[in-house]
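Student: Here the protein sequences come in this chain order: A and B. Numbering follows my numbering, with no gaps: position 312 of the first sequence is 312. Numbering follows my numbering, with no gaps: position 71 of the second sequence is 71. One structure coming up, written as structure tokens, with questions to follow.
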Amino acid sequence: MTRKLRERIAISGVGCTRFGDLLETPELKGTTIQELTARAVKEALDDAGLTGQDVDAVFAGNAMVHSSQVPGTYSQLSKWTGTQFKAGVHFEAQCSTTNVGAALAAMSIAAGVYDTVLVYGLETTRTKVKGFSPYEREPISHQQTWLWTDMAVNQAYGVPQGYDIFSTYNGLVALGYCRKYGMSIEDFDRSMFELCKTRRLHGSMNPKANIQEKLEDRAKKEGFSDPFDYWRSDKHNPFVAWPSRLLSLVTTADGASAMVITRADLAKGGKSQPVELKGFGINYSDLPWYGEDPTYWEFDRRAIDAAFDMAGIKPTDIDYLHTHDCSHISGICTAEATGYLEPGKGLDAARDGRLRFDGDRPMSTHGGRHAFGHAWGASAGTDTYEAVLQMRGQAGPRQIKKTPEISVIHTHGYAMIGTVVVLGSI
Amino acid sequence: MPNVAEQPSTIRSYYEGLAEGVFRAVTCNACGGYTFPPTGCCEHCGNWDVTPVELSGDATLLLASHNISPACHPRFEKIAPYVYGHIRLKEGPIVQAIVLGVDPTPQALKALFERGPVPVKAETLQMDDLPVLAYRIVG
């Protein structure tokens with residue numbers, strides 16, 4: 001049965017901060033989490049031509065409260081965002097948080113409860129509160145980050161018995177892909193290199209990205225004349241879950257994002273060009289995330305089908321796609337599941353440069369989770385931010401030549417909630 | 001303090017079983033499906049009427065990768081990096097678990113990948129604070 005929104009819904013404003021490290025990244029160093037969030041919210045509200053007092057409700061997203069330490073986010077952030085006395089709630093869907101928030105906002109507006117909802121997400125995966133300081137922060141160790149992050153993964157059996165994100169999300173999926181499609185490990189490695197080059201190219205063109213350095217430039221700085229030799233260097237790019245290497249993975253970040261969701265008729269004539277939120281699908285699964293075939297994820301299949309059905313689109317309608325790419329090979333499998341890339345041919349497309357902003361299958365033009373970086377509960381909003389910029393023709397040097405009319409954004413909220421959002425030009 | 005009876009726990013029972021080399025699951029009295037590791041509800045049809053069963057421990061290792069060192073969880077620091085595998089149980093469920101009997105090196109894992117699916121047998125790996133499930137390559 002087709003599920004439809006009973007009201008046309010628009011995104012009328014978007015905002016996001018630079019992603020990076022609150023202790024060292026230019027534009028972020030010394031910023032508090034309150035001011036970080038306010039920066040993204042202000043950009044979104046300004047974009048929509050509204051103030052915090054113009055919205056009816058606020059859905060405040062934050063996943064890892066251990067590092068942010070702002071539960072009750074709606075009230076703690078209300079005086080920083082100008083939203084005092086509004087309806088609101090703190091919610092999380094891990095790394096799908098902000099786009100699940102957009103879907104919840106769309107539902108509440110289509111139900112007639114609200115006209116305009118502010119959704120924001122904030123996260124600090126690199127830094128945490130230092131002692132009891134209201135403004136000082138300190139680094140989080142790698143192990144501590146994953147201990148806290150993995151609290152979203154099966155705590156009865158999975159994590160206690162050695163669950164490991166790197167093999168489950170990367171290595172085993174890679175091996176399943178190679179076996180299913182008869183790809184050699186060497187070809188896989190070369191394809192991952194090309195895909196990383198594309199993501200880093202996109203990051204180099206995005207002033208808000210965590211990593212703004214091309215892979216080739218990094219290799220040169222490290223003394224490699226051939227960037228593929230740099231790629232294959234154990235020192236610089238070790239296997240983290242054979243055959244997957246470090247640079248095919250997420251980079252952690254602190255960051256915030258925001259969007260204003262409203263009735264489409266209210267968005268028209270607003271300050272900025274609105275984009276329609278045409279449909280969504282949200283489906284989850286506990287471990288294991290896949291059956292015998294690691295390239296097929298049932299909950300993603302259901303989320304994709306639900307979103308496309310609600311939006312009334314088919315795969316050939318997609319002009320721009322982002323799939324969750326904490327794991328580059330998993331992101332390719334999902335892109336194939338959407339029909340944007342041909343099954344078994346996704347890595348060929350990466351090698352041929354077709355996934356670049358100037359290719360015929362542009363993906364993740366903000367740099368994806370590797371180059372743009374990943375601040376769990378804030379990241380989905382940055383994917384939407386990028387899609388909206390592309391659909392408005394405002395993506396600058398990384399603008400897709402044919403301005404996208406239909407964009408599809410897929411995210412994986414740990415662990416796992418597959419979330420698919422379909423955006424359309426109005 | 002009055003004596004208060006401890007309530008039964010599926011999770012506690014699972015780990016107590018593991019400590020004795022017993023691999024506990026449940027089967028559904030409606031659809032017959034296995035839920036492993038066990039819960040109080042069928043993961044396939046949502047039926048609450050389930051029966052505890054013991055698994056054979058026989059399985060097939062489909063794919064094997066490895067983790068990093070230091071491990072994401074302090075419990076496994078002593079054995080990291082370790083091999084982590086994608087496994088099909090004889091009874092049907094797919095599980096992922098620590099694999100014993102192969103080195104966590106690209107060379108060894110590539111040889112294993114080229115060999116294809118191999119039989120494995122469940123065993124208990126006793127960590128400092130918890131018995132955990134592992135599968136050892138047979139032969």
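Heads up, the beta-carbon is just placed ideally off N, CA and C, and yes, glycines get one too.
#1: Do we get a CB-CB distance below 8 Å when we pair residue 292 (chain A) with the residues of chain B?
#2: Does residue 257 (chain A) have its Cβ less than 8 Å from a Cβ in chain B?
#3: How many angstroms separate the CA atom of residue 126 (chain B) from the CA atom of residue 206 (chain A)?
#4: Can you tell me whether residue 119 (chain B) is helix, strand or coil according to DSSP?
#5: Relative to the C-alpha of residue 425 (chain A), which candidate in A:299, A:383 and A:277 has its C-alpha closest?
#6: Since residue 95 (chain A) contacts residue 385 (chain A) with CB under 8 Å, what's their CB separation in whole angstroms?
#7: Nearest-angstrom Cα distance between residue 135 (chain B) and residue 313 (chain A)?
#8: Using a Cβ-Cβ cut-off of 8 Å, state whether residue 250 (chain A) counts as contacting chain B.
#9: Are residue 189 (chain A) and residue 243 (chain A) closer than 8 Å when you measure CB to CB?
#10: For residue 128 (chain A), is the classification buried or exposed, using 16 other Cβ atoms within 10 angstroms of its Cβ as the cut-off for buried?
#11: At 4 residues or longer, and completely inside the region 156-184 of chain A: list those alpha helix (DSSP H) runs for me, N to C.
#12: Could you please give the first and the last residue of the uninterrupted beta strand (DSSP E) stretch that includes residue 24 (chain B)?
#13: Name, please, each residue of chain A whose Cβ falls closer than 9 Å to the Cβ of residue 47 (chain B).
#14: How big is the Cα-Cα spacing for residue 79 (chain B) and residue 246 (chain A)?
#15: Which residues, in order along the region 96-117 of chain B, keep a beta-carbon less than 7 Å from a beta-carbon of chain A?
#16: Taking Cβ positions only, does residue 34 (chain B) come closer than 8 Å to chain A?
#17: Look at the alpha carbon of residue 110 (chain A) and the alpha carbon of residue 280 (chain A), and state the distance between them as a whole number of angstroms.
#18: Going by beta carbon distance, what residues of the same chain come within less than 7 Å of residue 414 (chain A), once the five residues before and after it are set aside?
#19: So, at 7 Å on beta carbons, what are the nonlocal neighbours of residue 401 (chain A) in its own chain, with the 5 sequence-adjacent residues on each side left out?
#20: I'd like to know if residue 167 (chain A) contacts chain B, where contact means its C-beta is closer than 8 Å to some C-beta of that chain.
#21: What do you get for residue 93 (chain B), buried or exposed, if any count of 16 or more other CB atoms within 10 angstroms of its CB means buried?
#22: Report the residue ranges of all beta strand (DSSP E) runs contained in full by the region 50-83 of chain B; include only those spanning at least 3 residues, in chain order.
#23: Closer than 9 Å, Cβ to any Cβ of chain B: which residues of the region 179-213 of chain A, in chain order?
#24: Tell me which residue opens and which closes the alpha helix (DSSP H) that residue 144 (chain A) is part of.
#25: Less than 8 Å between the beta carbons of residue 306 (chain A) and residue 381 (chain A), yes or no?
#26: Could you name the residues of chain A that residue 76 (chain B) contacts, counting a contact when the two beta carbons are closer than 7 Å?
#27: Taking only beta-carbon positions, decide if residue 171 (chain A) is within less than 8 Å of chain B.
#28: Determine the direct distance from the alpha carbon of residue 144 (chain A) to that of residue 352 (chain A), and round the result to whole angstroms.
#29: Between which two residues does the beta strand (DSSP E) harbouring residue 100 (chain B) extend?
#30: For residue 86 (chain A), count neighbouring Cβ atoms within 10 angstroms of its own Cβ and tell me buried if that reaches 16, exposed if not.
#31: Hey, out of A:236, A:67 and A:121, whose CA is closest to residue 383 (chain A)'s CA?
#32: Could you check whether the Cβ of residue 82 (chain A) sits closer than 8 Å to any Cβ belonging to chain B?
#33: Looking at residue 44 (chain A) and residue 108 (chain A), is the spacing between their C-beta atoms short of 8 Å?
#34: Give a yes or no on whether 8 Å exceeds the smallest Cβ distance from residue 3 (chain B) to chain A.
#35: Would you mind listing the beta strand (DSSP E) stretches within the region 7-81 of chain A that are 3+ residues and don't spill past its ends, in chain order?
#36: Of all the beta strand (DSSP E) runs that stay within the bounds of the region 79-126 of chain A, which reach a length of 3 or more residues?
Tutor: A quick look at the data gives this:
#1: In the first sequence, residue 292 (chain A) corresponds to position 292, counting from 1. For residue 292 (chain A), the answer is yes, since a Cβ of chain B falls inside 8 Å of its Cβ.
#2: As a position in the first sequence, residue 257 (chain A) is number 257, starting the count at 1. Answer no: the Cβ-Cβ gap between residue 257 (chain A) and chain B never drops below 8 Å.
#3: Reading the second sequence from its first residue, position 126 is the one you call residue 126 (chain B). Reading the first sequence from its first residue, position 206 is the one you call residue 206 (chain A). Taking C-alpha positions only, residue 126 (chain B) is separated from residue 206 (chain A) by approximately 49 Å.
#4: Along the second sequence, one-based indexing puts residue 119 (chain B) at 119. Here residue 119 (chain B) carries a strand assignment [DSSP, helix/strand/coil].
#5: Here residue 425 (chain A) refers to the residue found at position 425 of the first sequence. Distance from the Cα of residue 425 (chain A) is smallest, within the candidate group A:299, A:383 and A:277, for A:277.
#6: Residue numbering aside, residue 95 (chain A) sits at position 95 when the first sequence is read from its first letter. Residue numbering aside, residue 385 (chain A) sits at position 385 when the first sequence is read from its first letter. Taking C-beta atoms under 8 Å as the contact rule, residue 95 (chain A) and residue 385 (chain A) fail to qualify, at a distance of about 15 Å.
#7: Counting from 1 along the second sequence, the entry for residue 135 (chain B) is found at position 135. Counting from 1 along the first sequence, the entry for residue 313 (chain A) is found at position 313. Rounded to whole angstroms, residue 135 (chain B) and residue 313 (chain A) show a C-alpha spacing of 45 Å.
#8: Reading the first sequence from its first residue, position 250 is the one you call residue 250 (chain A). For residue 250 (chain A), the answer is no, since every Cβ of chain B falls outside 8 Å of its Cβ.
#9: Locating residue 189 (chain A) in the first sequence gives position 189, counting from the first residue. Locating residue 243 (chain A) in the first sequence gives position 243, counting from the first residue. For the 8 Å CB-CB criterion, residue 189 (chain A) and residue 243 (chain A) form a contact.
#10: Here residue 128 (chain A) is taken as the residue at index 128 of the first sequence, counted from 1. Residue 128 (chain A) is classed as buried because its beta carbon has at least 16 other beta carbons within 10 Å across all chains shown.
#11: DSSP runs (the alpha helix (DSSP H)) wholly in the region 156-184 of chain A: 172-181.
#12: For this step, residue 24 (chain B) is matched to residue 24 along the second sequence. Annotation: the continuous beta strand (DSSP E) that includes residue 24 (chain B) extends over 24-28.
#13: Numbered from 1 along the second sequence, position 47 holds the residue referred to as residue 47 (chain B). Near residue 47 (chain B) there are no residues of chain A at all, since even the closest Cβ is about 17 Å away, more than 9 Å.
#14: Within the second sequence, numbered from 1, the residue matching residue 79 (chain B) stands at position 79. Within the first sequence, numbered from 1, the residue matching residue 246 (chain A) stands at position 246. Those two C-alpha atoms are separated by around 20 Å.
#15: Under the 7 Å Cβ criterion, the region 96-117 of chain B contributes 96, 97, 98, 106, 109, 110 and 113.
#16: Residue mapping note: residue 34 (chain B) aligns to position 34 of the second sequence, counting from 1. Chain A, which has no Cβ nearer than 8 Å to the Cβ of residue 34 (chain B), makes this no.
#17: Reading the first sequence from its first residue, position 110 is the one you call residue 110 (chain A). Reading the first sequence from its first residue, position 280 is the one you call residue 280 (chain A). Residue 110 (chain A) and residue 280 (chain A): Cα-Cα distance of roughly 13 Å.
#18: Walking along the first sequence from the start, residue 414 (chain A) turns up at place 414. Excluding positions up to five away in sequence, the list reads 94, 95, 149, 152 and 153.
#19: Taking the first sequence and counting its residues from 1, one reaches residue 401 (chain A) at position 401. Once the five neighbours on either side are set aside, the close Cβ partners of residue 401 (chain A) are 358.
#20: In the first sequence, counting from the first residue as 1, residue 167 (chain A) sits at position 167. Output row for residue 167 (chain A): interface = yes.
#21: The sequence position of residue 93 (chain B) within the second sequence is 93, counting from 1. Around the beta carbon of residue 93 (chain B), 16 or more other beta carbons lie within 10 angstroms, which makes this residue buried.
#22: DSSP runs (the beta strand (DSSP E)) wholly in the region 50-83 of chain B: 50-54 and 58-66.
#23: Of all residues in the region 179-213 of chain A, 179 and 185 have a Cβ within less than 9 Å of some Cβ in chain B.
#24: Counting from 1 along the first sequence, the entry for residue 144 (chain A) is found at position 144. Unbroken alpha helix (DSSP H) run through residue 144 (chain A): 142-149.
#25: Position 306 of the first sequence, counted from the start, is the residue given in the question as residue 306 (chain A). Position 381 of the first sequence, counted from the start, is the residue given in the question as residue 381 (chain A). For residue 306 (chain A) and residue 381 (chain A), no; Cβs fall outside 8 Å.
#26: The sequence position of residue 76 (chain B) within the second sequence is 76, counting from 1. Taking a Cβ-Cβ threshold of 7 Å, the residues of chain A close to residue 76 (chain B) are 162, in chain order.
#27: Mapped onto the first sequence, residue 171 (chain A) falls at position 171. Yes, residue 171 (chain A) counts as interfacial toward chain B.
#28: Stepping through the first sequence from its first residue, residue 352 (chain A) is reached at position 352. Stepping through the first sequence from its first residue, residue 144 (chain A) is reached at position 144. Taking the straight line from one Cα to the other gives about 38 Å.
#29: The sequence position of residue 100 (chain B) within the second sequence is 100, counting from 1. Residues 94-100.
#30: What you label residue 86 (chain A) is simply residue 86 of the first sequence in a count that begins at 1. By the neighbour-count rule (16 or more Cβ atoms within 10 Å), residue 86 (chain A) is buried.
#31: Taking the first sequence and counting its residues from 1, the one referred to as residue 383 (chain A) is at position 383. Measuring from the Cα of residue 383 (chain A), the nearest candidate turns out to be A:121.
#32: Counting from one through the first sequence, the residue named residue 82 (chain A) turns up at place 82. No, no contact with chain B.
#33: For the purposes of this step, residue 108 (chain A) is taken as residue 108 along the first sequence, with counting starting at 1. For the purposes of this step, residue 44 (chain A) is taken as residue 44 along the first sequence, with counting starting at 1. Taking 8 Å as the Cβ cut-off, residue 108 (chain A) and residue 44 (chain A) do not qualify as a contacting pair.
#34: Position 3 of the second sequence holds residue 3 (chain B). Closer than 8 Å: no.
#35: Counting only runs of 3 or more, we get 9-16 and 57-61.
#36: Counting only runs of 3 or more, we get 87-91 and 116-124.
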